[in-house]
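Novice:
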Amino acid sequence: MQNKLLPTAANTFYRYFVALGWLWIASFSACRDDDSSSKPLPPTITSIVPDSAYVNDTITINGTNFDPDFFNMSVMFSGIEAFNIIQASPTSMRVKVPKGATSGPVTVTIAEQTSPRVNFKILTVVPTTITGLSPKSGYFGDTVTITGTGIVPADFTAGTSTVMFNGTTALAPESILNPTATQLQVIVPDEAQTGPVSLNLKNGIVLETDTFTLTAPLPVITSFTPASGPEGTPVTINGSNLGVSSANEIQVTLNTIPLTITSRSETQIKVTIPVGIPPGSYAFVVTVRDKKVTSKNKFKVTAPPVANQYIYYGQRTAILRASITEKDGKVTVVHTPLFTNLDDVSDLVIDKAGKKIYWTDALNNQIMAGNLDGTGTPKSLFNENSEAEINYPVGLALANNKIYWANQGTSNIARANLDGSSPEILFDAENEGINYAQDVEMEVVGNKLYWTEVGSYQIRRGNIDGTGNPEEVFGPDDNLRYPLGLKLNAASGKLYVADSPTLGGVAPTDRILMGNLNGTGGLTVLFEAGDGVAAVYALDLDLKNSFIYWISNTINSGSSTNKLMRGKIDGSGKPEVILDDLEDYGNALVVQPE
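Numbering (the UniProt record's numbering), first residue to last: 1 to 594.
Right under this line is the structure:
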């Protein structure tokens with residue numbers, strides 16, 4: 001029989017204490033299990049992009065279990081901590097490679113848990129040097145190869161490092177071809193000059209190569225067409241190395257006479273045989289940036305045909321002459337530039353006896369004069385600095401050694417002697433109500449001055465000396481809508497006017513009208529839109545052959561459809577095109593007087 005402990009108070013306390021201990025142990029174990037489950041999962045690295053980089057480069061580390069709050073993470077490069085974590089998410093982070101890092105393992109640590117190692121290569125910075133330049137001479141657009149070491153291609157394509165030709169930058173990325181760590185292929189930029197080629201690195205270092213010599217290639221002439229023709233003949237010269245960026249760098253001569261170049265490209269130059277060149281056979285001489293070449297064949301200049309008529313016309317920036325020859329029903333037209341590189345030719349008149357041509361330059365507020373054959377340099381007869389008032393002159397007339405003009409800018413009509421003396425205002429807006437005078441014409445026999453006004457839709461006339469009050473000849477009541485060009489035929493007592501309301505935006509149809517000089521009988525339509533009348537600024541009369549000439553314009557058009565037209569002076573028959581596809585719109589026209 002076993003002895004049994006009696007349930008004393010001491011025994012009861014002991015049993016209670018043991019039970020409480022087991023309960024505490026169980027609770028502690030449970031708490032330890034709970035702490036273990038609350039720890040974050042250990043981070044892992046799945047890739048590093050790129051797998052090599054320079055110190056201070058930014059790389060991307062991809063993986064799992066990253067902390068978006070990058071202050072809770074540490075990234076080590078072979079034991080060197082990266083303190084510059086730029087961005088982080090649970091699966092990636094962007095980090096700058098720290099100074100002092102060497103090739104070796106990269107790890108990520110979060111809450112004392114470190115990822116497995118992933119090897120990463122630290123690139124060694126190779127100093128940029130230049131070892132060669134080839135070729136050492138060339139021209140704009142040529143490709144030059146620069147060899148060296150430590151070239152960073154991305155810097156040059158981005159433009160943070162640049163290549164310069166004696167101070168002119170080769171623009172990135174279009175001028176930088178196939179860059180590598182040891183080579184740059186560079187297109188020589190326009191405006192480059194002879195001198196050193198340099199690499200301007202983004203860190204401020206400038207490296208210079210040998211001198212690059214800018215050498216223009218020798219121009220080549222292979223052919224030209226046609227082989228012969230009179231003055232005014234357009235000629236196309238074919239070859240190579242003919243293209244230049246500036247018109248001042250190219251010249252074409254024939255018999256030592258400079259030719260007008262109408263267009264140019266790398267393989268073609270278009271010129272016009274000049275006025276006054278004597279008949280004969282001559283070689284073309286083309287000079288491109290001091291490099292000369294002479295054509296093997298010679299162009300035969302033939303005697304110009306005897307023209308039935310000469311037409312002078314202004315195309316805004318040029319004055320040209322068209323010689324019209326008619327034989328056996330065939331019309332031959334040769335047009336020749338007389339003066340080019342002008343600004344705003346708005347009207348012109350001819351002094352046949354004095355062998356002069358006068359024109360208004362509305363843009364620069366001046367009246368110009370030049371030789372009728374196009375030789376010499378034009379001179380300014382009147383301008384803003386003259387005693388005579390010049391304010392956007394648009395109309396011009398000549399009689400009795402005096403020149404008359406319409407100032408559209410100040411709505412008046414003025415005159416002066418051809419030597420510039422005795423300028424005076426004949427009629428103005430304040431006293432005679434002049435309203436945007438456009439064209440002026442002289443009727444010498446009756447000592448009357450006629451003009452058009454686009455502001456009041458009138459043709460008016462006044463005494464040639466400015467005395468008396470001007471009077472209306474035709475106006476809105478005669479269905480005159482926007483009168484521009486005006487010509488008179490004193491012998492027949494008729495006037496002719498270009499009514500171009502499409503230019504003023506007041507009506508859809510342009511017309512050429514005829515009326516009596518005394519204003520009686522109303523206006524008669526000679527030709528209109530269907531007859532090739534469009535935006536006509538200027539017209540003139542060929543009284544010998546009974547024609548009226550005008551220039552039909554398409555303004556602000558994508559392609560030129562401007563034409564020199566003519567029709568019978570009485571409006572009969574169908575008008576014909578004399579010159580098609582003029583290069584610019586025309587607003588001045590004169591038939592050379594007999």
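Where is the CB? At the ideal position from N, CA and C, for every residue including glycine. All values derive from a computational prediction rather than experimental measurement.
To the nearest angstrom, how far is it from the Cα of K521 to the Cα of V440?
Specialist: It is Gly, not Lys, that sits at residue 521 in the sequence shown. Distance from the CA of G521 to the CA of V440, rounded to the nearest whole angstrom, comes to 22 Å.
Novice: Is it true that the CB of A538 sits closer than 7 Å to the CB of L589?
Specialist: Yes; because the gap between Cβ atoms is below 7 Å, this pair is in contact.
Novice: Let's test the definition: count the other Cβ atoms within 10 Å of the Cβ of Y450 and tell me whether it reaches 16, buried, or not, exposed.
Specialist: buried
Novice: Per DSSP, which residues does G455 bridge with? Please list them.
Specialist: DSSP, once it has assigned bridges, lists no residue as partnering G455.
Novice: For the segment 223-236 against the segment 167-177, are there 3 or more C-beta pairs whose distance is under 8 Å?
Specialist: Output reads no: the segment 167-177 does not touch the segment 223-236.
Novice: Output the distance between the C-alpha atoms of T317 and I205, rounded to the nearest integer angstrom.
Specialist: 50 Å
Novice: Are I434 and N447 touching if we call contact CB-CB under 7 Å?
Specialist: Contact: no.
Novice: Can you tell me which of the three DSSP states F527 falls into?
Specialist: strand
Novice: Who are the Cβ neighbours of Q113 in its own chain at under 6 Å, not counting the five residues just before and after it?
Specialist: Take Q113, set aside five residues on each side of it, and the residues of its chain with a beta-carbon closer than 6 Å to its own are P42, in chain order.
Novice: With DSSP collapsed to three states, give me the class of A30.
Specialist: In this prediction, A30 has a pLDDT of 41, which is less than 50 and means its spatial position is unreliable; nothing more can be read from the coordinates.
Novice: Does the distance from the CB of P98 to the CB of I80 come in under 7 Å?
Specialist: yes
Novice: Can you name the start and end residues of the alpha helix (DSSP H) that E430 belongs to?
Specialist: Its alpha helix (DSSP H) spans residues A429 to E432.
Novice: Y457 to Y482, Cα distance in whole Å?
Specialist: 5 Å
Novice: Is the beta carbon of I551 closer than 7 Å to that of L543?
Specialist: no
Novice: Given this structure, state the Cα-to-Cα distance separating D584 from N553, to the nearest angstrom.
Specialist: 8 Å
Novice: In this structure, what does DSSP give as the bridge partners for I237?
Specialist: F224 and I269
Novice: Which residues mark the beginning and the end of the beta strand (DSSP E) in which T143 is found?
Specialist: T143 to T149
Novice: Express the C-alpha separation of D428 and N401 in angstroms, rounding to a whole number.
Specialist: Computed Cα separation, rounded: 22 Å.
Novice: Run through the DSSP bridge pairs and tell me what I45 is partnered with.
Specialist: Note: I45 sits in a beta bridge opposite G63.
Novice: Near G138, which residues of its chain fall below 7 Å by C-beta distance, leaving aside the five closest residues on each side in sequence?
Specialist: V144, V188 and T215
Novice: Got a sec? Which residues, its chain only, sit under 8 Å from E266 by beta carbon, not counting five neighbours each side?
Specialist: These residues qualify, in order along the chain: S240, N241, L242 and G243.
Novice: Between E432 and P393, is the Cβ-Cβ spacing less than 7 Å?
Specialist: no
Novice: If you compare alpha carbons, which of P278, I130 and I250 is closest to G150?
Specialist: Between G150 and the set P278, I130 and I250, the nearest pair of CA atoms involves I130.
Novice: What does a CB cutoff of less than 7 Å around Q185 pick up in its chain, not counting 5 residues either side in sequence?
Specialist: T143, T145, L177 and N178
Novice: Does the structure place the segment 306-324 close enough to the segment 276-293 that three or more beta carbon pairs sit under 8 Å?
Specialist: Using a C-beta cut-off of 8 Å, the segment 276-293 makes no contact with the segment 306-324, since fewer than three inter-stretch Cβ pairs fall below that distance.
Novice: Could you check what DSSP says for T256 in three-state terms: helix, strand or coil?
Specialist: coil
Novice: Alpha carbon to alpha carbon, how far is S27 from N72?
Specialist: Low confidence applies here, because S27 scores a pLDDT of 43, under 50, leaving its location unreliable; read the following figure in that light. Distance between the alpha carbons of S27 and N72 is about 31 Å.
Novice: Tell me which same chain residues have a C-beta within less than 6 Å of the C-beta of D34, skipping the five on either side of it?
Specialist: Confidence at D34 is low in this model, with a pLDDT of 46, below 50, so the placement of that residue should be treated as unreliable; the coordinate-derived value is given next. Excluding five sequence positions before and after D34, none of the CB atoms of its chain fall closer than 6 Å to its own CB.
Novice: Within the continuous alpha helix (DSSP H) that includes G504, where are the two ends?
Specialist: P501 to G504
Novice: Going by the beta-carbon positions, is the gap between S115 and T44 smaller than 7 Å?
Specialist: yes
Novice: Please go through the same chain and pick out, in chain order, the residues whose beta-carbon is closer than 6 Å to the beta-carbon of Y404, but skip the five residues on each side of it.
Specialist: A397, R415 and V440
Novice: With 16 other CB atoms within 10 Å as the buried threshold, where does G505 fall?
Specialist: exposed
Novice: Any contact of the segment 300-307 with the segment 274-287, i.e. 3+ C-beta pairs under 8 Å?
Specialist: yes
Novice: If we ignore side chains and look at the alpha-carbon of each, how far apart do E424 and S492 end up?
Specialist: 31 Å
Novice: Alpha carbon to alpha carbon, how far is L579 from I569? Give it in angstroms, no decimals.
Specialist: 19 Å
Novice: Near N56, what residues of its chain come up, given a Cβ to Cβ distance below 8 Å and the 5 sequence neighbours on each side ignored?
Specialist: K96, V97 and K99
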